[in-house]
Each structure stands twice: as C-alpha cells, then as structure tokens.
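Beneath this line is the structure, given in structure tokens, with notes to follow.
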Amino acid sequence: MSHVINFSVKHLLPVTKCYLRGNFVSSFCKYSSASNSTSNSGNVLDNLTDWETLSKKKKISKAMKAYLERAQEHDEFMKKQQQEFAIGKRHLANMMGEDPETFTQKDVDRAIEYLFPSGIYDPAARPLMKPPEELFPARKAAEFDEAGRPHHLLFYTGKPNFFKLLYDAADNIKQLQNFEDRVIRKKATPDPNGALSLEGSVWLTKEQLEQVLVEKILDLEYDNFKVVMERLVSLPYSYRCKDFIEKYRNTLASQKFALEIPKPSYDDDGRAFITTYECLRKKARGDVTIRSPGSGKITINGKDITYFEDVQSREQVLFPLIFTGMQDRVDVECNIEGGGPSGQAGAIRWGIAWGLRSFVEKEMLEKMQIAGLLTRDHRRRERKKPGQPGARKKPTWKKR
Amino acid sequence: MNTLRILPKYCCKKTQRFCRLPVSQNRFYARPTSFPDFFQNPVFRKEDQAKLVETTDLSKLAAVPVKPPAVYETCSAYHDPLVNKVINHVMEMGKKQLARSLVEKAFENIKRIQIERYHLASTAEEKNKIELNPKKVLHLAIENSKPLLQLSPIKRGGITYQVPGPITEKRSLFLAIKWLLEATNEKERTIHFPEQFAWELLDAANNTGKVVKKKQDLHRQCEANRAYAHYRWQ
Amino acid sequence: MLSRNWRHLCRRYSQAVTFRTTEASPAQQNEKQIGLFYTMNQETCKQLFSQGGFPKSFQKQTKTFTETAIMIRQPALDLINCIKSSDFNKPAIRYVLYGEKGTGKSLTMAHLLHYAHEDGYLIVHVPWVSEWLRRLPRSKEMSNSQTHEGCVDLPLDAASWLLHFKGQNQHILKTGELKVSKEYVWSKREKTEAGAPLAQLVEHGISRVKYACDVVDALIKEIKTLSHNKQCKTFVAIDGFNSFFYPVTRLSTPTKKKVKPEEVTLTTTFMELTKNDWTNAVILLSADQLAVPDDHQESHFPRYLLYKKGFEHLDPFVPVEVGRYSEKEFLSCASYYRDRLWLRGPPEIDTELKFTSACNPYRFMEQCAPL
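Chains as they are written, first to last, in my numbering: chain A, 2 to 401; chain B, 14 to 247; chain C, -14 to 356.
Here it is, written out as structure tokens:
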C-alpha cells in the first residue's frame, strides 16, 4: 500500500522526488501505515510539511547500515593498502638500487625472490608482494542504493551479472535472427569472408568466468552458458556480435609457436643442421641435432640406436622420421641424460620432430601437429599424498 | 547497470599449471589425461590421417592444441590399437616389456602352427583358408568371443533376476579379452603362457574352444531369461 | 609420400630379388654369392648337427621353414679362402670369431663345418662350451677324476660329446685307417691296444661312461699325433671358447665348493688341443658374450672376453669379426623370410625393421616373429 502512496506522491510532486526517494525504504511502510487508513491526496500533502522533512529521521535498516559501513571500511582499507604498496615499492626500489619511477611489477617479483629466497614447494605459499587489487578478491560495489533499491535490473535473481550475460546473449541471438530475416527478404547472401573463426580460442573456464562476473556459478549454469554461446556462434551472422563473443573467449596463443619454421644453420661441411636444446620428458634432459643431407644414421650419446635395448624405445625414436619419410635423408645426433628408457625415448622423439620442422613442407608440418608430435609433454609424476599409499590409491575402503 | 563496478581480475596462479580437472570434464576422452579439456586426441596413423585430409581442412585442425601420442603408439604399419589393448590387459605391475614379449611370443607360436598346417595342407583351397597373419587371427578370435548381450542383476520384490540387456562396444571388447586371458591362465604348470594363449586364440578364431563356449552359454542364458527383459524398465 | 629410396625399394621387390643360390658346396662359393642363401642337404645336417651346432632358435626356424638355409657372408668366405691358401706344414693357425650378440658367429662356424666335412677333414666340434660348465640340470653328474688329481670329471657330457664326434666323422672312422698309437689301460680287464682303430676307442668311451673323460683325453692326443704325422687333416671348432677362462663355473662339488674351469678335466683336454704345437690342422674358436654371465658382458672384443690367461694361451691368433647385415644382405634376408611366409606385410615395414633391429640378424629374426 505504501508503494501506491509513494508512486502517487512521486507523480504529484516532481520537485521533491529526489529528496523523497531517499526516504522510501521498506520499513517506511510502518511510518506511513498510520496515514494509510485515511489516505487521500490531501492528507498526504498535509503530512509533508517542512517540519516533517526537517525532522524526519532517515530510517535505514540495520542490514543496509551494516552493508554501507562494510563497504566504506573496505574502500578505506583498500586505499590504505594501495598507499602502503606504493610506499613499499619505492622502498624496495631503493633497496635494490633502481629507479623507483620505473620499477615494474616484474622487478618487484624478482626483488622479493632475491631478498626472501624460499624453498617452499607451493608458489602460493612463498613470500609475494602484489598490488592489493590482485591480492584481495574483488567485491561488488554497492548493489543497491541507500533506499534499498537495487541498481541492477536482475538483482533479485541473486546472480545479476550472470543472468544479464545470458540475457544479452539471447538478445543478440534475436537480433541476428531478425537481421537474417531482413537479408533473406532482400534476397542477399551472407558474406563468406566475414565468418567468425574461433579455431585458436576456447570458452572461458568456469573459474575465469566467475572472476569476470565476480559471482559464483554452478556447473549446470556454466554448461548452460556454453550452450547459449555456442548457439550464438552457430548463427550465420555471428560476426556482427564479434566483440561480445571475443570477451568470453580465451586465445591459445602457444599453438602458433609450434607451426613456425626456424631456419637451419650451416656447419663446416656445408650441411644444414638444427639443434633443439631442452628436450624434456619426465626427468630426461637432452639435446638433438639433425643434419640435413644424411643417410639415416642415428647416434645417441655416441652409441648407435642399440643404446636402447627394448624395441618400444627404438620405435619411438623412429616415429617422427618414419612419419615424415625422412629416415634415409637426415642424420640424427643426440645427447641425453636422466630419466629412464621411455622418458629418454620420448624426449628424443619430441626433439627430432621439433628439429624436422625446418626440413619439411608446410603440409607435413600441419600433419605432424595433428599427430601430436610437436606437443611438449608436460606430464610429471604425481606426488604421493599423506594419508594415502600412493598418488591416487586410497587405503582399503571400510564400510564402517 | 552502469553502477556495477567490476574490480580488476584476480589472477589465479594455479591455472598456469595443468591441474586435475573434475571428472565431469574428462568424459569426452577415451583415456583420462592431465591435459586440459580443449586438447584434441592425436591422429597419427597413416590411414586415419588420409581420411582427415579428405574431409576437413588441415590448417584449421592444426591450430588446435593436440595431446602427444602415448609411449607405445607409433605410426608404423605394424602398430595395431587392438594388439596394444591386449598387451595392456596382459600387463601386471606395470611390466610392459614382459607383457609385450609374451604377446609377441604367442603370435610367433600362432605363426609357426599355422605355417606347419599350411605346409601339411595339400590343396590350394585349403591353403587359402589358413590365416597366416597372427594379428588377423587375434582380430578374428576377439570378434568371435565378443558377447552381444549381457545379464545384469535386477532386484524386484526380494528376488534378484538376471535380466538380459544391451552391451556397449567397449564392454563387449573388454569381456572378450578378459575371457581369453582367464582361459589362458587356467593352464598346466608346465605349459608356458604364450603357447597356451596361442592355442586359445586359434581355437577362438575357429569358433571352438572354451571362450566361444562361454559366450554361447551367455547367449543361451539371455535367451532363456527373455521373459525378464521388461524388468529393465519397470 | 614415398621417398625416392622407397620407390626404388618397391621396384626392386617387384623385380623378384634373388636371394637363393644353387651352389650348395661351400668350397665353390665365391664373392658374387655374398648375401644369398644356400640350402644344406638334410642328411648332411643330421649327420653334422644332430647334437648341437646350430643355435636353438635356428633349429626352430629350420623346422618352420622346412629347410636349412644359411646365408653366405663375407667372414665365412674369407675364412674359407684363408684355409685353402694356408700352408699345412706350418703350425696350426687359430682363428677367433668375435662380434656382438646375435650377429651370426655360430652360423658362420656351421658354414665352415660344412666346408670341412665336404673337404674330408676330421672334425672335432664342441657345439657350446657353456653347456658343460654353466648348464645345471637338477643333478649334474660329476665325479672326481682318477687320472688327474683334484680335478672334476663330467662323464655324461664327455660321453655325449663322443657320440657327437662319432656321428660327425662316421665316414672317416668307418674306413679304419686311423689307428691308435699307444696302448691305453683302463682297468684290469679293459685296455685298448696300440694299432686299434680310433672307432674302437670312441666306442669304448661311449659304452664305458666312467672312463669317458679319459677316453676324450686319449682321443685328443691321438688326433694330434695323427695330424702331425700327416695321416689326416683336422678341423677343430669350438663355440664359446671364452667360457673356459671365466674365473668360476656354475658347478660345485658335493662339499659345496665352487669349481674353477681349470679343475675340470675337459678344460685341460681342449686347452691341449688348441695349442699350436701341431701341424696339418685348422682351429676355429669363437668368443661370445653369451658364454659368460650378464655382469661381465660389457664388451664383445676378444681381449675382454678371453681374459689375460686365454689371450696369452691363444696368442698369436687371427681375429675375424662377424658384423651385422649390410644393406644387400638385409634385403636378401627380408625377401627370404617373405618367401618362407615368415614376414608378411607391406614393403615399408622393411625400412622400419632395418632401423629397429639395427640390422642385427638375431634381432631381425626376433622382430619378424610376431608380424
């Protein structure tokens, strides 16, 4: 009922609108309930005299008060932290003997690592000094004003940013469909060059999306989000909403690196050769040199391919050569140490494939990439956890 | 909406390592790996690559990250995914070399037996019927011992019925290999595993022997329990 | 996709590569036939190799391929030429075959035995020394030697070797030209007179196992004198000779004491045989890594395998290396396996196999097995 009054008053008294709005809180209904029974515009107008407006207590609910206090505290805290960080950065720069003005975050990290060397395994547990925006999780600013009226359209869904995102996507879909209809009516065809290419990117992960939206999302909701975005992308004119879509895609820049072709150098005999250092796989470390006009000789640590006793390792070493058909055309020399037979074989395989990039055509390079020969195998042995016999193995399950 | 102030991103240090993903995201891949979701499975066999070349554009596929092939997979012609699977099932305690040598010796035995039969066979027709390639013998044996239905225990009203139902391709393959290995392990002490395995494979390829009998028994049971099939939906 | 080399390879296959030769007599084989296979007569095989001589894996192969075919390789031809051109009035030359595991030393020896057999040599062949010194069935029969103090006898082994000797040299022993020079007294009632044919001595050893080792000893001495006196030419072939020089054998006396090779009578006998103080003979030995336990298999060179004692004993000798397959030999072997239905599959497999087996003959055979 009070809302009805509020609305009518607002309508009648545009001058006092902004002032009155501040007073219109949910608990205000108690205040106006007395005047409800005899509500007519005249009474209301009578109620609003100057003394009322002067002596009216601003009734803000406890929750609102607490929230505002907290928000203020947080802001002050953040300000203080930022000041401290800036000062600390200057001190650090002075300590390291560098110019405080041009001291970047990377320099800060390096300095901390130097001054506080730590042998702790987990990087998150080591000493760090980062700007407070990074360290303290982002909080949403005031979601509703003093009157308690929420700023966001979809505040009462509980996850306004997320649902707004879905709403935007749905809106875009509708717009694109309308556009498509218009184009068909004009009997035109879509521009094939404008098609959206999403090869080198993936949708944001759930964690990343949570960070962007500053809200927690359920798995189901995340799947839903992906479905909606896929639908948007599948429309023929999706390139018109390119910006919107790009915001929620992660580019995988590292892949292009594998398809770049490095230039080989020439040694004394005039043969082209290329050396790949840092061939890693599990604990094996080594380097591989490929010389181009060759006869298929393979030398590992000075020995022939008989360095590997078992057939599987030998097959792995030969895999990239046979795949590209270069087994008779190149010579391979490797030095490798550490790890076991299959770790070493895997390292050499990657090294050979990486080196062969310079001696092979582009099409074959793409084929190698699809075959996965150029991917660095980053898997390491998983550690054993306390309370368990192994990395994954659990002690015998007892029903009770 | 414009009053929403989003503070800068909080960079999580952990996502730089390829951490373990929850199980729900691994469901699309044949083998669970520690690579993230968007890595594609590698295609390295010549025939598979040839098929890909016909259907799709290579440069698009090459832009996506791909997992590296496993340690026991090569692109050579004598690499067979089914043989690898059997070797994995034979393997115990991670002893891959031993498992591989056992399976290879079994193939050798099959070959010797078949070549002997080939030389003993008189007519050209008989000679053509004898399968000399041990891998083909393995394929045939597994084909012949794959069950088409399986019995699942369903409890209704206190009684557990064995209800026949469909079986997935993977499970059927798994059961075939498991039965073959079980039959081989019921061997005499003096006979070695490769020889016994060779005999089992040859029998199964000929539709005789313990494993095929087991499969046929299962089928007969399913046929007998046809009446309970509706319990699956009750 | 196929490179130029591969296309040549495939073309070569389509032109029906010859891998066989009809020249079955080792004496007539020449350099042009390197890399080709020749088939051995079944009866000769039985006569020469019924009790050993071929490696076990090769015996299985002969059964599967239903024939015995040996590849003609460079080391064997070199040896045959050396033997043909050597002067038999000078002391016996010792040849030592060496090479990595599985490169074909035993088969080269077999090839030469065939040549010796054809040429009418008296063959003294020990198929595998480690059989005596390192192979231990449940109960190894050993007895203390009566003639040599503190030494150990291996009666059953000696008897089986005498049988092997008899089988290999049937045609020579039957003629009865070779006679014993001295009189040997075995016990109160048994003795072999001087002038008796060698066959009788051998028979005695086979029937009276108790004296087999002594019979072997006597036989060897007789053969040395006969050769020296130009009554017969001898071909000595011992496979795994370095086993005699390894510090310890697997045998142990009933008192649990480990026996050294020098304490076995057979060792002394064959050491006598391999000395170069007699003429009109050819001595062919092989130093193999497989004859010693795995810990001491670091290198395949004779200097390492024969130890100091063996090296000094055999010095001077002619080392002959038996290496891996060359390109041509490899192709020939691959086509032979295809012909015998041992290897099936597309021709590209051959290049892969060449690298994976590193052209080692034994490894190649092993890897073709499951294909």
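C-beta: ideal position from N, C-alpha, C; glycine also.
Quantities reported herein were computed from a predicted structural model and do not represent experimental measurements.
Is the beta carbon of residue i less than 8 Å from the beta carbon of residue j?
{"i": "residue 336 of chain A", "j": "residue 287 of chain A", "result": "yes"}
{"i": "residue 153 of chain C", "j": "residue 108 of chain C", "result": "yes"}
{"i": "residue 114 of chain C", "j": "residue 190 of chain C", "result": "no"}
{"i": "residue 78 of chain B", "j": "residue 372 of chain A", "result": "no"}
{"i": "residue 237 of chain B", "j": "residue 176 of chain B", "result": "no"}
{"i": "residue 127 of chain B", "j": "residue 145 of chain B", "result": "yes"}
{"i": "residue 147 of chain C", "j": "residue 200 of chain C", "result": "yes"}
{"i": "residue 99 of chain C", "j": "residue 11 of chain C", "result": "yes"}
{"i": "residue 347 of chain C", "j": "residue 86 of chain C", "result": "yes"}
{"i": "residue 141 of chain A", "j": "residue 213 of chain A", "result": "no"}
{"i": "residue 103 of chain C", "j": "residue 62 of chain C", "result": "no"}
{"i": "residue 177 of chain A", "j": "residue 238 of chain A", "result": "yes"}
{"i": "residue 221 of chain C", "j": "residue 64 of chain C", "result": "no"}
{"i": "residue 203 of chain A", "j": "residue 51 of chain B", "result": "yes"}
{"i": "residue 167 of chain A", "j": "residue 161 of chain A", "result": "no"}
Residues bridged to residue i by DSSP?
{"i": "residue 78 of chain C", "result": "C:267"}
{"i": "residue 287 of chain A", "result": "A:280, A:337"}
{"i": "residue 327 of chain C", "result": "Looking at the DSSP assignment, residue 327 of chain C forms no beta bridge with any residue, so it has no partner."}
{"i": "residue 119 of chain C", "result": "DSSP, once it has assigned bridges, lists no residue as partnering residue 119 of chain C."}
{"i": "residue 235 of chain C", "result": "The partner list for residue 235 of chain C (beta bridge, DSSP) is empty, contrary to what the question assumes."}
{"i": "residue 352 of chain C", "result": "Beta-bridge pairing links residue 352 of chain C to no other residue."}
{"i": "residue 107 of chain C", "result": "C:219"}
Mark residue i as exposed unless 16 or more other C-beta atoms lie within 10 angstroms of its C-beta, in which case mark it buried.
{"i": "residue 3 of chain C", "result": "exposed"}
{"i": "residue 327 of chain A", "result": "buried"}
{"i": "residue 172 of chain B", "result": "exposed"}
{"i": "residue 37 of chain B", "result": "Because residue 37 of chain B sits at a pLDDT of 34, beneath the cut-off of 50, its placement in the model cannot be relied upon, and the point is left open."}
{"i": "residue 132 of chain B", "result": "exposed"}
{"i": "residue 12 of chain A", "result": "At residue 12 of chain A, the pLDDT of 48 sits below 50, so the modelled position is not reliable; the number obtained from the coordinates is stated separately. That one is exposed."}
{"i": "residue 122 of chain A", "result": "exposed"}
{"i": "residue 126 of chain A", "result": "exposed"}
{"i": "residue 171 of chain A", "result": "exposed"}
{"i": "residue 180 of chain B", "result": "buried"}
{"i": "residue 230 of chain B", "result": "exposed"}
{"i": "residue 121 of chain C", "result": "exposed"}
{"i": "residue 315 of chain C", "result": "buried"}
{"i": "residue 341 of chain C", "result": "buried"}
{"i": "residue 51 of chain C", "result": "exposed"}
{"i": "residue 81 of chain B", "result": "buried"}
{"i": "residue 228 of chain A", "result": "exposed"}
Measuring only from the beta carbon, is residue i closer than 7 Å to any heavy atom that is part of the ligand GTP?
{"i": "residue 122 of chain A", "result": "Absence of the ligand GTP is noted for the structure shown, with no ligands found whatsoever."}
Inset, instruction - Name, going along the chain, the residues of the segment 329 to 342 of chain C whose beta-carbon falls closer than 7 Å to a beta-carbon of chain B. - result: 329, 330, 331, 333, 334, 337
Inset, instruction - Would you check if the segment 65 to 78 of chain B and the segment 159 to 172 of chain B touch, i.e. whether three or more CB-CB distances between them fall below 8 Å? - result: no
Inset, instruction - For the segment 189 to 213 of chain B, enumerate the residues whose C-beta is nearer than 9 Å to any C-beta of chain A, in chain order. - result: none
Legend entry - Segment contact flag, the segment 91 to 107 of chain C with the segment 264 to 278 of chain C, C-beta cutoff 8 Å, min 3 pairs: yes
Inset, instruction - Could you say if the segment 69 to 82 of chain C and the segment 255 to 271 of chain C meet the contact criterion of at least three C-beta pairs nearer than 8 Å? - result: Here the segment 69 to 82 of chain C makes contact with the segment 255 to 271 of chain C; the two share three or more CB pairs at distances below 8 Å.
Inset, instruction - Spell out a yes or no on whether the segment 269 to 284 of chain A and the segment 313 to 327 of chain A are touching, meaning 3 or more CB-CB pairs, one atom from each, closer than 8 Å. - result: A contact between stretches requires three or more CB pairs, one per stretch, nearer than 8 Å, and the segment 269 to 284 of chain A fails this requirement with the segment 313 to 327 of chain A.
Legend entry - Given 8 Å, three or more beta-carbon pairs between the segment 207 to 214 of chain B and the segment 109 to 129 of chain B: yes
Inset, instruction - Check each residue of the segment 304 to 315 of chain A: if its Cβ is closer than 8 Å to any Cβ of chain C, include it; give the result in chain order. - result: The segment 304 to 315 of chain A vs chain C, Cβ under 8 Å: 305, 306, 307, 312, 315.
Inset, instruction - Compile a chain-ordered list of the residues in the segment 120 to 132 of chain B whose CB is closer than 8 Å to at least one CB of chain C. - result: 120, 121, 124, 125, 128, 129, 131, 132
Inset, instruction - Taking 8 Å as the threshold, find out whether the segment 138 to 145 of chain C comes into contact with the segment 115 to 129 of chain C through three or more Cβ pairs. - result: yes
Inset, instruction - Below 7 Å between beta carbons is the criterion; list the residues of the segment 46 to 61 of chain C that meet it against any residue of chain D, in chain order. - result: In the displayed structure, chain D is absent; the protein chains listed are A, B and C.
Inset, instruction - Taking a Cβ distance cut-off of 9 Å, strictly less, list which residues of the segment 138 to 153 of chain B are near chain C, in chain order. - result: 145, 146, 147, 148
Legend entry - Against chain C: residues of the segment 315 to 332 of chain A by CB proximity under 9 Å: 315, 316, 318, 319, 322, 323, 326, 327, 328, 329, 330
Legend entry - Three or more C-beta pairs below 8 Å linking the segment 220 to 234 of chain C and the segment 246 to 263 of chain C: yes
Inset, instruction - Report yes or no: do three or more beta-carbon pairs, one from the segment 168 to 183 of chain C and one from the segment 191 to 210 of chain C, lie closer than 8 Å? - result: yes
Legend entry - At least 3 beta-carbon pairs within less than 8 Å: the segment 198 to 208 of chain B vs the segment 25 to 42 of chain C: no
Inset, instruction - Decide yes or no for the touch test of the segment 188 to 197 of chain B against the segment 218 to 232 of chain B: beta carbon pairs closer than 8 Å, at least 3 of them. - result: Judged by Cβ distances under 8 Å, the segment 188 to 197 of chain B makes contact with the segment 218 to 232 of chain B, as three or more pairs qualify.
Legend entry - Residues from the segment 69 to 85 of chain B in contact with chain A, defined by Cβ distance under 8 Å: 71, 72, 73, 74, 75, 76, 77, 78, 79, 80, 81, 82, 84, 85
Legend entry - Short-range partners of chain B found in the segment 56 to 90 of chain A, where Cβ spacing is below 7 Å: none
Inset, instruction - Count the CB pairs spanning the segment 66 to 80 of chain A and the segment 133 to 149 of chain A that are closer than 8 Å, and state whether there are at least three. - result: Flag = yes, the segment 66 to 80 of chain A and the segment 133 to 149 of chain A touch.
Legend entry - Cβ contact (3+ pairs, closer than 8 Å) linking the segment 302 to 314 of chain A and the segment 333 to 353 of chain A: Flag = yes, the segment 302 to 314 of chain A and the segment 333 to 353 of chain A touch.
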